[in-house]
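Chemist: So that we are looking at the same thing, I have put the structure below in structure tokens.
Residue numbers (the numbering used here): 91 to 287.
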């Protein structure tokens, strides 16, 4: 059974004591981390100072004795080491002490993340459905002007009489030809108008 299943079966008094123990443990961890960071900072400053001294001495062509460059480390007990391993070592002290160990806060954060993920999934589904609902745009309707331009393109132009025909055809035949031509043209126009409707 997991840790969270146990807390549901505990009484309120036991939960309160467990919470107090978590807070005490968290304070101890933060104190150990703070001390560890201070020690690391002192070691770093000591190392930096020694680096500057060696740099200055190398300019003067003198060498430093190796016995003076040994750094002092604080020995930890096994329990202190385990506590330090539980809490991450912070690179910047202003970043906080890491996650809280309180079960209630962790459960609230987990519930919040679950709701956020559920909402994101709901939004994805809604957007998918919305994209499917958008109809494709209908083809553009032909305007009156476009109909008129199309009709003008299809109108037959008058046929210019060739000079050879004029000489060979008499006046009577010319009038008959013109009538036949007008009738043919009239029939073609009627057919085109019928097609447009």
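Heads up, the beta-carbon is just placed ideally off N, CA and C, and yes, glycines get one too.
Under DSSP, the alpha helix (DSSP H) around residue 169 begins and ends at which residues?
Modeler: 168-176
Chemist: Nearest to residue 116 by CA position, among 228, 231 and 173, is which residue?
Modeler: Ranking 228, 231 and 173 by Cα distance to residue 116 puts 173 first.
Chemist: Along the chain, which unbroken stretches of the beta strand (DSSP E) at least 3 residues long are found entirely within the segment 204-248?
Modeler: none
Chemist: Count the other CB atoms within 10 Å of the CB of residue 270; is the residue buried (16 or more) or exposed (fewer)?
Modeler: exposed
Chemist: Can you tell which of 252, 249 and 242 has the C-alpha that lies nearest to the C-alpha of residue 282?
Modeler: 242
Chemist: Whole angstroms are fine: how far does the CA of residue 276 sit from the CA of residue 252?
Modeler: Using only the alpha carbons, I get a separation of about 22 Å.
Chemist: Just the Cα atoms here: how many angstroms apart are residue 102 and residue 118?
Modeler: Their Cα atoms are separated by approximately 24 Å.
Chemist: Using three-state DSSP, classify residue 101 as helix, strand or coil.
Modeler: coil
Chemist: Relative to the C-alpha of residue 248, which candidate in 274, 121 and 227 has its C-alpha closest?
Modeler: 274
Chemist: Is residue 245 buried or exposed, if buried means 16 or more other CB atoms sit within 10 Å of its CB?
Modeler: Exposed, because fewer than 16 other Cβ atoms sit within 10 Å of the Cβ of residue 245.
Chemist: How about residue 164 and residue 129: do their beta carbons lie closer than 7 Å?
Modeler: yes
Chemist: Let me know the secondary structure DSSP gives residue 120 once reduced to three states.
Modeler: helix
Chemist: So is residue 114 buried or exposed if we call it buried at 16+ other beta carbons inside 10 Å?
Modeler: exposed
Chemist: In three-state DSSP terms, what is residue 138?
Modeler: helix
Chemist: Can you tell me which of 145, 193, 121 and 170 puts its alpha carbon nearest to the alpha carbon of residue 112?
Modeler: Cα-wise, what sits closest to residue 112 is 193.
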